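One structure is given here, and the rest of the page talks about it.
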Amino acid sequence: MTPRASPLFSPRGSEQEIEEGQTFAPKFDAGGLIACVVTDTQTGALLMVAHMNAQALERTISTGEAWFYSRSRQALWKKGEASGHVMHVAEISVDCDQDVLWLKVDQAGAGACHTGRRSCFDRAMGLSGPNASLTLAFRDDERVFDPARVYGK
2 MTPRASPLFS PRGSEQEIEE GQTFAPKFDA GGLIACVVTD TQTGALLMVA
52 HMNAQALERT ISTGEAWFYS RSRQALWKKG EASGHVMHVA EISVDCDQDV
102 LWLKVDQAGA GACHTGRRSC FDRAMGLSGP NASLTLAFRD DERVFDPARV
152 YGK
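Going from the sequence shown to this note's numbering is simple: count from 1 and add 1.
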C-alpha cells in the first residue's frame with residue numbers, strides 16, 4: 002500500500018536534503034505506515050507507540066489532535082474517540098531520516114492506554130543476567146480509569 006500524495010508532504014529528496022534540510026518528506030514503509038512515539042509534554046513520560054498512514058498524519062496536523070492507523074483493525078482512529086481521553090498535539094518532531102515521528106501531547110483525561118493506565122508502558126523487563134528467564138515487573142501500573150466502563154468491555 003503506497004501512501005497517496007499529499008500537498009502537506011514534500012517528495013523525498015537526496016539523503017542530504019532528507020537529513021539536513023527543512024523540508025518535511027516523511028518516509029512511509031511498504032505498508033504505507035510510519036511509526037509514531039507519543040510522550041506527555043508535562044512529564045516527558047512515554048505514553049504509547051502507534052502508527053500513522055498519510056491520512057492520519059494529515060488529520061493530526063490539521064486538527065491538532067492525534068490520529069493513528071490501527072494495523073489490527075485496518076482503520077483510521079482518533080485517540081480518545083471512545084474514551085474522551087484525546088491527545089492534543091503540542092509538537093511533532095521527525096527523526097533524521099524522517100521515518101519515525103515523535104508527538105509531544107497534552108493528554109486530556111486520565112490515561113492513554115486502553116487497559117486503564119496512564120501509559121501503555123507499565124511493565125519493565127527484569128534483566129538479571131544472561132541465563133535468567135525474562136519476566137515482566139509492573140511499574141506505574143495503577144489504573145486511572147475503568148476500561149470496562151469506558152469501552153463497555
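Virtual Cβ for every residue (Gly too), placed ideally from N, Cα, C. Keep in mind it's a predicted model, so treat the numbers as computed, not measured.
By the CB criterion at 8 Å, S134 and L47 fall outside the cutoff. Contact between V95 and F10 is ruled out by a C-beta separation of about 11 Å, above the 8 Å threshold. Under the DSSP assignment, T136 falls in the beta strand (DSSP E) whose first and last residues are 136 to 139. Counting C-beta atoms within 10 angstroms of its own C-beta, G127 has fewer than 16 neighbours from the protein chains shown and is therefore classed as exposed.
Contact between M53 and I35 is confirmed by a C-beta separation of about 5 Å, below the 8 Å threshold.
Proximity to A67 across Q43, W103, G45, G33 peaks at W103, based on C-alpha coordinates. Closest by C-alpha distance to E82, out of E92, I93, F69, is F69.
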